[in-house]
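Student: Residue numbers (our numbering), protein chains in the order written: chain A, 464 to 679; chain B, 464 to 679. Glycine is no exception: its CB is placed at the ideal position from the N, C-alpha and C atoms.
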DNA sequence: CCCGTCGATGTCAGTGACTGTCGTCAGCCT
DNA sequence: AGGCTGACGACAGTCACTGACATCGACGGG
């Protein structure tokens, strides 16, 4: 399966592309073409060995246009990550009143993660490229910290105190990260991601019970 | 209190500077001078508004020499962070055999955090600059992920399984991050950082188990 | 049907981060 | 003394990223 096909599904799933009506002065979907070209080139010869000019050329555009669509060379692979923040916050807001903070976030993460499974191939392809380059991993950490910030906000909107909200969000996203890594790393068995998230939260309870008390 | 004084104490505490014997051909401590110049300039006019050439000039050096000491413009503020990774791993390795994973990491974080209190002023000065610029915050996330990786390794060396090690490390550093933020934000009351870490781990137990949510 | 505006792109000329290469010169070693 | 090394300067080059301006099809009003 080509990277292109994978990426197409990936990007269309996470971004909000403004399609031109018909054939205009330029080919449509410039943003998507740039995304695909970037993913391909990063995978082929590496992130640092790829220039923005090359990406733009493969997409049939100019370097300047690349920077009109993406603020920098890394962000092209992280389009749509902001959407997940809003999505997560939304689901947290709809959680039942009696839910405890961590439980609400755990549920919401499971819900947000569910649709990711349908584009597993695409997620893996992108994850492989990101994992292979420190600069891209760096940006992914930023994405994660935005998820934490959005979660804190959503929890506080539910009336959770700032301290508990911060701690719950930080821990919950840590758990999610671990579960996601396990899901990505699960080659043979294609377990359900929401299940792995729930399972990891269960492990958290076991691990946390013994760890709270300072060991003598 | 001048930034310079603060920074001096900060950097000498965390880095391993190779001093010249006596007065050589050049002034000694080029690396430290660059660090100080960078911190000052980032604080004065901001990170993006500061060029590497300016930093080097203030340090009495050239731009090229800056890049001989630091791989990039950000890393100058993160010298010595690798040292903390090793330090943390070392303390974890020395934890008593019967310690549970999260407990061992909690203890180690407290131990590593203790000496930070003596240079609170310096830590705050640097933290203020880092917090003010997205690019520097990004790099700090990398530092944190290195701490996670080092912790995982140290736990596995103790015989902890990879899954529990990963989860414990991720969660523990999340807790540490929250505690550190609280410590930094505590203006009036100068609480002990190790105490705040222990306290936050205790909160984690409550939050994770769901046995009562502390009001923020 | 013509015309003015708009939006997406191209073109061009920068700035600044970062690198490769070579030259310089004290201190050290033999 | 003479060679070696280590830390630095000088210089040229690449590339990420930006600002300013031009271009031209689409679209709407007249």
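Entirely within the segment 581–611 of chain A and at least 4 residues each: give me those alpha helix (DSSP H) ranges in chain order.
Tutor: The qualifying runs are 583–595.
Student: Can you name, in chain order, every residue of its own chain whose Cβ lies under 7 Å from the Cβ of residue 639/B, other than the five neighbours on each side?
Tutor: So the qualifying residues of the chain are 572 and 660.
Student: Taking the straight line between their C-alpha atoms, what separation do you get for residue 596/B and residue 590/B?
Tutor: Those two C-alpha atoms are separated by around 10 Å.
Student: Have a look at 665/A, 497/A, 648/A and 507/A and flag the residue whose alpha-carbon is nearest the alpha-carbon of residue 583/A.
Tutor: Among 665/A, 497/A, 648/A and 507/A, the Cα nearest to that of residue 583/A is on 648/A.
Student: Is residue 544/A helix, strand or coil by DSSP?
Tutor: Residue 544/A: helix per DSSP, three-state reduction.
Student: Output the distance between the C-alpha atoms of residue 511/A and residue 669/B, rounded to the nearest integer angstrom.
Tutor: Cα to Cα, residue 511/A sits roughly 45 Å from residue 669/B.
Student: Can you pull the chain A neighbours of residue 666/B, defined as C-beta to C-beta under 9 Å?
Tutor: Simply 626, 627, 630 and 675.
Student: Is it true that the CB of residue 555/A sits closer than 8 Å to the CB of residue 493/A?
Tutor: Not in contact: residue 493/A and residue 555/A (Cβ atoms no closer than 8 Å).
Student: Compare the C-beta of residue 671/B against all C-beta atoms of chain A and say whether one is closer than 8 Å.
Tutor: At least one chain A Cβ lies under 8 Å of residue 671/B.
Student: Would you grab the beta carbon distance between residue 513/B and residue 519/B for me? Rounded to a whole angstrom, and I think it's under 8 Å.
Tutor: Going by Cβ atoms, the distance from residue 513/B to residue 519/B rounds to 11 Å, so no, they are not a contact pair.
Student: From this set, 577/A, 499/A, 615/A and 528/A, which residue's C-alpha is nearest residue 542/A's C-alpha?
Tutor: Among 577/A, 499/A, 615/A and 528/A, the Cα nearest to that of residue 542/A is on 499/A.
Student: Give the residues of chain B in contact with residue 575/A, contact being defined as C-beta atoms less than 9 Å apart.
Tutor: Within 9 Å Cβ-Cβ: nothing; residue 575/A doesn't reach chain B, min ~19 Å.
Student: Listing by chain order, which chain A residues have their CB less than 7 Å from the CB of residue 534/B?
Tutor: Those do not exist, as residue 534/B stays about 11 Å from chain A at its closest Cβ, beyond 7 Å.
Student: With 8 Å as the threshold, decide whether the Cβ of residue 491/A is near any Cβ in chain B.
Tutor: Not closer than 8 Å to any Cβ of chain B, the Cβ of residue 491/A fails to qualify, so no.
Student: Distance check for residue 593/B and residue 532/B, CA to CA, integer angstroms please.
Tutor: Cα to Cα, the separation comes out at about 20 Å.
Student: Taking Cβ-Cβ distances shorter than 8 Å, what residues in chain A pair up with residue 608/B?
Tutor: Near residue 608/B (Cβ distances below 8 Å), the residues of chain A are 600 and 604.
Student: Against chain B, with Cβ distances strictly below 8 Å, would residue 640/A count as a contact?
Tutor: Chain B contact via Cβ: present.
Student: Assuming residue 614/B and residue 635/B form a contact by the criterion Cβ under 8 Å, report the distance between their Cβ atoms to the nearest whole angstrom.
Tutor: Residue 614/B to residue 635/B, Cβ: 7 Å. Contact.
Student: Shorter than 8 Å from the beta carbon of residue 663/B to some beta carbon of chain A?
Tutor: Residue 663/B counts as touching chain A.
Student: What in chain B is Cβ-close to residue 539/A, meaning under 8 Å?
Tutor: By Cβ distance, chain B contributes nothing, its closest Cβ being about 16 Å from residue 539/A, past 8 Å.
Student: Residue 631/A by DSSP, collapsed to three states: which one?
Tutor: Correct three-state label for residue 631/A: helix.
Student: Taking the alpha helix (DSSP H) that residue 498/B belongs to, which residues open and close that run?
Tutor: Residues 493–508.
Student: From this set, 619/B, 529/B and 491/B, which residue's C-alpha is nearest residue 553/B's C-alpha?
Tutor: Per the Cα distances, 619/B.
Student: Suppose contacts are defined by Cβ-Cβ distances below 8 Å. Is residue 601/A in contact with residue 637/B by that definition?
Tutor: For residue 601/A and residue 637/B, no; Cβs fall outside 8 Å.
Student: Considering residue 657/B, what are the terminal residues of the alpha helix (DSSP H) in which it resides?
Tutor: Element bounds for residue 657/B: 656–672.
Student: Give the secondary structure of residue 623/B by DSSP, where H, G and I count as helix, E and B as strand, and everything else as coil.
Tutor: Of the three classes helix, strand and coil, the one that applies to residue 623/B here is coil, per DSSP.
Student: Please name the residue, chosen from 496/A, 503/A and 497/A, that lies closest to residue 588/A on a Cα-to-Cα basis.
Tutor: The option with the nearest alpha carbon to residue 588/A is 503/A.
Student: Using C-beta distances below 8 Å, list every residue in its chain close to residue 607/B, excluding the 5 sequence neighbours before and after it, in chain order.
Tutor: The answer, listed in chain order, is 636 and 640.
Student: Looking at the unbroken alpha helix (DSSP H) that takes in residue 564/B, where does it start and where does it end?
Tutor: 564–576 is the span of the alpha helix (DSSP H), which, as asked, contains residue 564/B.
Student: What do you get for residue 489/B, buried or exposed, if any count of 16 or more other CB atoms within 10 angstroms of its CB means buried?
Tutor: Exposed, since its Cβ has fewer than 16 Cβ neighbours within 10 Å.
Student: Report yes if the C-beta distance between residue 564/B and residue 623/B is below 8 Å; otherwise report no.
Tutor: Yes. Within cutoff.
Student: So, using beta-carbon positions, are residue 604/A and residue 605/B closer together than 8 Å?
Tutor: Yes.
Student: Rounded to whole angstroms, what's the CA-CA distance from residue 580/A to residue 662/B? Just pull it up for me.
Tutor: Cα to Cα, the separation comes out at about 38 Å.
Student: Out of 650/A, 577/A, 585/A and 666/A, state which residue places its alpha-carbon closest to the alpha-carbon of residue 657/A.
Tutor: Among 650/A, 577/A, 585/A and 666/A, the Cα nearest to that of residue 657/A belongs to 577/A.
Student: For residue 637/A, decide whether its Cβ has a neighbour in chain B, counting only Cβ atoms nearer than 8 Å.
Tutor: By this cut-off, residue 637/A is an interface position.
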